[in-house]
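Written out as structure tokens, the structure reads:
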């Protein structure tokens, strides 16, 4: 009986990865120039070069040295693990300035605004809200208003 409960649909089987970290997960670019390739190796075709330090990315697959990442534009490519950082960031990808509020409540006082296409550090996310920090300011915003907070895989 106990075995049936553990093996039922509610039991989530963690995906085993070379790093031991969950997939998908969010990371950021460590450098201002990181090559994006069509496959997990230097011998694969160079697709483009990321030129935005701290750009949020979502790791969607990995090998021992390479990470397949999804970016805020919905593109996927392979980058070497040395080019990414575990620090989590988020980006305002659409719409106008985003209010950062004192508390995770829609009517809370606005502390600052995050401009479109701006990147902020993610302090934490809880109950559908994320606390962001940028240029000495911090505040809460709905998780769905930034790229880098949704728990689901963002691209294939």
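Numbering (this note's numbering), first residue to last: 177 to 332. Every residue, glycine too, gets a C-beta built ideally from N, C-alpha and C. Bear in mind that the values here come from a model prediction, so they are computed numbers and not experimental data.
Residue closest to residue 332, alpha-carbon to alpha-carbon, out of 234, 277 and 298: With distances taken between Cα atoms, residue 332 lies closest to 234.
What do you get for residue 253, buried or exposed, if any count of 16 or more other CB atoms within 10 angstroms of its CB means buried? Counting Cβ neighbours within 10 Å, residue 253 comes out buried, since at least 16 surround it.
Between the alpha carbons of residue 227 and residue 198, how many angstroms are there, rounded? Separation of residue 227 and residue 198 (C-alpha to C-alpha, rounded to the nearest whole angstrom) is 26 Å.
Residues bridged to residue 286 (per DSSP): DSSP output for residue 286 lists 277 as bridge partner(s).
My output table needs one value for residue 257: the three-state DSSP class, helix, strand or coil. It is helical.
Based on the DSSP secondary-structure assignment, which residues constitute the bridge partners of residue 217? Bridge pairing for residue 217: absent [DSSP].
For the putative contact between residue 202 and residue 320, defined by C-beta atoms under 8 Å, what is the C-beta separation to the nearest angstrom? Residue 202 to residue 320, Cβ: 15 Å. No contact.
Grab me the residues of residue 314's own chain with a C-beta within less than 6 Å of its C-beta, minus the 5 sequence neighbours each way, in chain order. A distance below 6 Å between beta-carbons, with the five flanking residues on each side excluded, links residue 314 to no residue of its chain.
From which residue to which residue does the beta strand (DSSP E) around residue 266 run? First-last of the beta strand (DSSP E) with residue 266: 265-267.
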